[in-house]
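Trainee: Residues in the sequence shown are numbered from 1 upward in steps of one, following full-length UniProt numbering.
Each residue gets a CB set at the ideal place from its N, CA and C atoms; glycine is no exception.
Below is the structure I would like to discuss, written out as structure tokens.
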Amino acid sequence: MRILVVGSGGREHALCWAIAASPLCDHLYCAPGNAGIADVAECVEVKAEDLDGLVSFAQNNAIDFVVVGPEAPLVAGLVDKLDAAGIKAFGPNAAAAQLEGSKAFTKGICDRHGIPTAAYARFTDLEAAKDYVTQQGAPIVIKADGLAAGKGVTVAQSVNEAISALEDAMSDKAFGAAGEEVVIEECLVGEEASFFALCDGKTALPLVAAQDHKAVGEGDTGPNTGGMGAYSPAPVMDEAMIGRVMEEIVQPTVDGMAAEGMPFKGVLFAGLMITADGPKLIEHNVRFGDPECEVLMVRLMSDLLPALIASADGQLDQITLRWRDETALCVVLASKGYPGSYEKNTLIAELPKDSDTVTTFHAGTARTDKGVLLATGGRVLVVTARGGSVSEAQKRAYESVGKVNWSNGFCRKDIGWRAVARESQV
């Protein structure tokens with residue numbers, strides 16, 4: 001098969017890395033890709049948001065199957081355009097992608113199909129939203145309704161902070177059109193987890209759980225980012241909890257979307273809070289998480305490609321997946337200043353060599369004509385390791401991080417800290 005992966009981040013590098021290993025894959029392209037992806041796929045200069053350009057490329061290069069990595073082209077309708085051109089793709093169509101494209105849409109699905117989630121209210125009027133926050137008090141969660149590249153959520157610890165977040169979104173247009181409507185939620189208390197299931201419109205095949213580290217600073221402090229590291233499995237997601245999540249959240253979402261005429265195909269990423277009352281949905285995403293995808297791919301023993309194709313074909317009931325029992329943990333190296341402004345095109349002088357247990361995925365890199373490696377993004381490298389325990393995977397990952405020669409990079413030093421603390425108590 002001739003495969004096209006769409007996207008340019010660490011998630012797409014991990015997907016390309018896994019797909020390239022499939023005996024079904026004859027030729028792998030990635031649009032637009034990055035310097036690391038170029039080691040396993042042929043990168044083509046078509047942006048992920050250029051829907052017509054991607055369809056044209058797929059037609060002109062006899063692409064058999066397209067795997068869409070990021071959310072923006074899914075919400076914009078890339079899968080619909082590919083389908084109209086007769087090209088099979090992994091990912092939801094625009095109607096089903098509303099699960100990520102609109103927080104308010106997802107809350108409606110939860111309401112209508114009995115899916116446990118935080119209590120909420122929706123607003124398009126700033127003053128009404130401020131009044132609501134004042135009445136409810138803090139802590140409280142403010143979310144831009146639309147896509148905001150993972151940065152449209154504020155967990156406000158005070159009413160003033162919540163009002164400031166509302167003004168940023170609704171008055172100052174910090175997130176553009178995404179913030180014209182906001183969803184204000186109760187602040188759930190518990191432990192967060194990321195859970196993934198492949199879906200084919202009716203069947204949901206559970207993958208494995210991971211735990212992301214969103215805050216930029218050690219001890220989960222500082223502003224939220226796209227994710228500074230992750231590990232899998234997440235101890236909070238034992239077999240009983242996975243069963244509850246499938247029964248109470250994932251399958252009702254798949255059944256509800258089908259009942260409303262929007263069957264969901266692709267990967268459903270449930271962002272969860274495991275509360276004293278059980279799992280509650282924080283949000284749905286319609287693509288693999290980043291950096292969770294990286295730890296999932298290094299744990300997956302089965303061929304990924306047939307599972308992705310079965311999702312598109314409605315045949316997931318024919319698929320079983322095998323996973324390594326080991327823990328995988330990844331550490332994100334980001335440009336100094338991230339998630340705020342940062343310098344681009346800084347030199348990465350040296351990277352560690354990959355081994356059986358450690359792989360460095362690229363998230364924001366490019367090479368010059370002379371082969372010099374440059375950091376081009378906020379999140380730049382994702383050093384991913386496996387081990388027999390969280391502590392062992394963490395040790396291997398940070399040893400490899402220490403071999404990166406990049407003066408403008410930084411990382412959190414405590415990825416996996418909760419799970420490491422748990423292990424030390426056993």
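#1: Taking the straight line between their C-alpha atoms, what separation do you get for lysine 214 and valine 67?
#2: Per the DSSP calculation, tryptophan 406 is bridged to which residue(s)?
#3: Using CA atoms only, rank isn't needed, just tell me which of Glu248, Lys88, Lys280 and Thr225 is closest to leucine 333.
#4: Is valine 216 near proline 206, with beta carbons less than 7 Å apart?
#5: What's the call for glutamate 127, buried or exposed, on a 16-neighbour Cβ count within 10 Å?
#6: Let's test the definition: count the other Cβ atoms within 10 Å of the Cβ of methionine 301 and tell me whether it reaches 16, buried, or not, exposed.
#7: Distance, Cα to Cα, glutamate 292 vs phenylalanine 361?
#8: Ordered along the chain, which non-local residues of its own chain (more than five positions away) have a Cβ less than 6 Å from that of valine 79?
#9: To which residues does DSSP link aspartate 212 through a beta bridge?
#10: Leucine 132 by DSSP, collapsed to three states: which one?
#11: Can you round the beta-carbon distance between glutamate 185 and tyrosine 120 to whole angstroms, since I take them to be within the 8 Å contact cut?
#12: Looking at valine 358: is its Cβ nearer than 7 Å to the Cβ of serine 391?
#13: Could you tell me which of Leu51, Ser407, Arg379 and Ala156 sits nearest to glycine 340, measuring between CA atoms?
#14: Using the DSSP secondary-structure output, state which residues sit across from tryptophan 323 in a beta bridge.
#15: I need the DSSP call for leucine 351, collapsed to helix, strand or coil.
#16: What do you get for glutamate 71, buried or exposed, if any count of 16 or more other CB atoms within 10 angstroms of its CB means buried?
#17: Serine 194 by DSSP, collapsed to three states: which one?
#18: Nearest-angstrom Cα distance between leucine 304 and glutamate 294?
#19: Counting only runs of 4+ residues fully inside the stretch 144-177, write out the alpha helix (DSSP H) ranges in chain order.
#20: Quick check on this structure: which residue in Ala62, Ala258 and Cys411 has the alpha carbon closest to the alpha carbon of glutamate 218?
#21: Quick one: is aspartate 111 buried, meaning 16 or more other Cβ sit within 10 Å of its Cβ, or exposed?
#22: Considering Cα atoms alone, identify which of Val141, Ser102 and Phe264 is closest to aspartate 200.
#23: Whole-angstrom Cβ separation of glycine 409 and serine 335, contact assumed at under 8 Å?
Mentor: In short, the structure shows the following:
#1: 25 Å
#2: According to DSSP, which records beta bridges pairwise, tryptophan 406 is partnered with nothing at all.
#3: Thr225
#4: no
#5: exposed
#6: exposed
#7: 12 Å
#8: Ala89, Gly91 and Asn93
#9: Ala230
#10: For the record, residue 132 in the displayed sequence is tyrosine; it is not leucine. Tyrosine 132 falls in the helix class under three-state DSSP.
#11: 4 Å
#12: no
#13: Arg379
#14: Leu300
#15: coil
#16: buried
#17: strand
#18: 13 Å
#19: 159-166
#20: Cys411
#21: exposed
#22: Phe264
#23: 7 Å
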